Every structure is written in structure tokens, then in C-alpha cells.
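Engineer:
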Amino acid sequence: MIRGSCLCGGVAFEAGDQIEFRNCHCSRCRKARGAAYASNVFVRPADFRWLRGEDLLINYRLPGAQRFGNAFCRTCGSPMPRAVPMRDLIVVPAGSIDGDPGIRPTYHIFVGSKAPWHTITDNLPQYEEYPPA
Ligand SMILES: [Zn+2]
Ligand SMILES: [Zn+2]
């Protein structure tokens, strides 16, 4: 079980079993997170619930994108979990998790478009785009 919250504390959530933990280096994630890459944990919708502040969320859908969006707290701007269209998943920004989720990132995706100023220094597998199915 993991718990998470935003910077102002207005939004909080909890979730059960984490399915995956990966880092995405695509340009969209870079913009949305204001960081070199996005660290994302994935859970099933059935294992996820908002504890408070769901009404504070803004869900931005990127026009023309099949999967991409950005959910954040309207008060403090912290990225928050969102449902992934087309996949039965909730993506949880790892930085929003309070405490240790107990799992670690297992690979990097969209390394082909990573920030030129960022160097990956771990030995995890790297994929140019999505990993092979
Ligand atoms: Zn907030
Ligand atoms: Zn990405």
C-alpha cells in the first residue's frame, strides 16, 4: 500500500499493488514535470482511491495525444495521479508518493529523446521509445 499527496496537502490518495515503476525521458514528460524525466508508478484503477481533494484536480489532455495528459493540483501545481486512456491503469508520479513505495524503477523509456543535458548513470535497461511488447 502506498500513500501520496501534493505539495499543499490538499490532494491525497492511496493505492495498492504497484505493477510497474519506470522512468520516461520523452519531451512531453520533461515539460509536464519540469525535470529531466518522469518517474512513474503504475497501479490498477481498482486498487486506487482518492483520500481527499479530487475536486482540486485539473486534468489536462494534450490535444492529439493518445495516451498523454497531465493531472495536477490547482492550488500548488504538483503533478498527481491520472487514469491512462486505452490502458487499464493509473499512472502515479513517483515524486508524489509519501515514504518508500517499496519498489524501484526497472527501466528507462524514450531514451531516444532524452534531455541532452542529462546523463543516465544506472545500469537499468534503456529503450529508444516504448519497450518491446
Ligand atoms: Zn496541492
Ligand atoms: Zn514520457
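Convert by adding 1267 to the 1-based position in the sequence shown; the result is the number in the numbering used here. Heads up, the beta-carbon is just placed ideally off N, CA and C, and yes, glycines get one too. This one's a predicted model, so the numbers in the text were calculated from it and none came from an experiment.
1) Okay, do the segment 1311 to 1325 and the segment 1347 to 1361 touch, 3+ Cβ pairs below 8 Å being the bar?
2) According to DSSP, is Ser1294 part of a helix, a strand, or is it coil?
3) Excluding five sequence neighbours on each side, which residues of the same chain lie with their C-beta closer than 6 Å to the C-beta of Ala1299?
4) How would you call Gln1285, buried or exposed, if buried means at least 16 neighbouring beta carbons within 10 angstroms?
5) Considering just the uninterrupted stretch of the beta strand (DSSP E) at His1375, what are its terminal residues?
6) Suppose only complete runs of 3+ residues qualify. What are the beta strand (DSSP E) ranges in the segment 1311 to 1360, listed by chain order?
7) Pick out every residue whose C-beta is nearer than 6 Å to a heavy atom of ligand 2: which are they, in chain order?
8) Once DSSP output is grouped into helix, strand and coil, what is the label at Arg1270?
9) With hydrogens ignored, establish whether the beta-carbon of Gly1277 is closer than 6 Å to any heavy atom of ligand 1.
10) Please report the residue range of the beta strand (DSSP E) in which Glu1281 lies.
11) So, His1292 versus Val1351, is the Cβ gap smaller than 7 Å?
12) Can you check which of these residues, Asp1367, Asn1290, Glu1321, Ala1382, is closest to Gln1393 by C-alpha distance?
Structural biologist: Judging by the given coordinates:
1) yes
2) helix
3) Asn1337
4) buried
5) 1374 to 1376
6) 1315 to 1319, 1324 to 1328, 1336 to 1340, 1349 to 1351, 1356 to 1360
7) Qualifying residues come out as Cys1291, Cys1293, Arg1295, Cys1296, Ala1305, Phe1377.
8) The answer is strand: DSSP assigns Arg1270 an E or B state.
9) yes
10) 1279 to 1282
11) no
12) Asn1290
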